[in-house]
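Student:
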């Protein structure tokens, strides 16, 4: 099974929590990326890895002509509800179902890191971008600027065998994303950083939103939900407020943009 098929299956297992709770917390990242790429009236925009479509809602509100792809059918069903006039397709970021030079802005927030071949994915984003268009990708910043890292550590520590790969922050290390852009032939690069505080009504809300994410669903195939939930609950205890809310205040996200 291809990695994109695996990701589609994992992210589609329990999409509601992600769509209703966790995904909307990334709004500051989307707004910063839209500002950087000058999304406005008449902009043709492809959201590559659109999830449940909340970023597409913001782009549509700016007057953009919105298109989106994702590998998770369950998330796309939410996107179609959120922006019914947009064009959504079930597709892989490494094999986009579009002709060359179609979009003014090609936008990938929290999706490029899941590609099997990130350079191939960036080359696809480049292929469908118009001359003088803009390609932008965003993901977590460096771990020391991300309070949420305690959750990743708790999840990793519950695993009987450490997960393969460089971990969730591997593509976030200094210069890494910029290097991928350059290897894909993308130049005229600009970078930016933005904070996305994560706030939840209580721990149950936190758990419902986070366990819906693909990586959590993958872990739950190896570790019991009760064990994983208890480990994560202990990890976020320091972020619990007196009224029971969970507020994780600093979560740096970075983005890299190239102008064609």
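In this note's numbering, the protein residues as written are 782 to 1041. For each residue, glycine too, the CB sits at the ideal point set by N, CA and C.
1) Evaluate the contact criterion for the region 929 to 948 versus the region 995 to 1003: three or more CB pairs, one atom per stretch, below 8 Å.
2) Quick one, are the C-beta atoms of residue 826 and residue 869 less than 8 Å apart?
3) Pick from 802, 795, 794 and 789: whose alpha carbon is nearest that of residue 990?
4) Whether or not the region 791 to 801 and the region 816 to 826 are in contact is what I'm after, with contact meaning three or more pairs of Cβ atoms, one per stretch, closer than 8 Å; do they touch?
5) Please state the DSSP three-state secondary structure of residue 837.
6) Do residue 851 and residue 837 have their C-beta atoms closer together than 8 Å?
7) Apply the 10 Å Cβ neighbour rule to residue 804 and answer buried if 16 or more other Cβ atoms are within range, or exposed otherwise.
8) For residue 999, report the span of its alpha helix (DSSP H) as first-last.
9) Contact defined as beta carbons within less than 8 Å: I believe residue 796 pairs with residue 849. What is the distance between those atoms, to the nearest angstrom?
10) Measuring alpha carbon to alpha carbon, tell me which of 887, 908, 1024 and 1019 ends up nearest residue 814.
11) Just how far apart, CA to CA, sit residue 907 and residue 1021?
12) Grab the span of the alpha helix (DSSP H) containing residue 1038 for me, first residue to last.
13) Using DSSP with H/G/I as helix, E/B as strand and the rest coil, what is residue 787?
14) Taking the alpha helix (DSSP H) that residue 900 belongs to, which residues open and close that run?
Tutor: In short, the structure shows the following:
1) Taking a cut-off of 8 Å for Cβ pairs, the region 929 to 948 and the region 995 to 1003 touch, as three or more such pairs fall below it.
2) Taking 8 Å as the Cβ cut-off, residue 826 and residue 869 do not qualify as a contacting pair.
3) The shortest C-alpha separation from residue 990 is found at 802.
4) The region 816 to 826 is not in contact with the region 791 to 801.
5) It is helical.
6) One thing to note: residue 851 has its Cβ no nearer than 8 Å to the Cβ of residue 837.
7) Per the 10 Å Cβ criterion, buried.
8) Segment 995 to 1000, the alpha helix (DSSP H) holding residue 999.
9) Actually they are not in contact, since the Cβ atoms of residue 796 and residue 849 sit about 15 Å apart, beyond 8 Å.
10) Closest by C-alpha distance to residue 814, out of 887, 908, 1024 and 1019, is 887.
11) Cα to Cα, residue 907 sits roughly 43 Å from residue 1021.
12) First-last for residue 1038: 1033 to 1040, but that is the beta strand (DSSP E), not the alpha helix (DSSP H).
13) Residue 787 falls in the helix class under three-state DSSP.
14) For residue 900, the enclosing alpha helix (DSSP H) has its first and last residue at 899 to 908.
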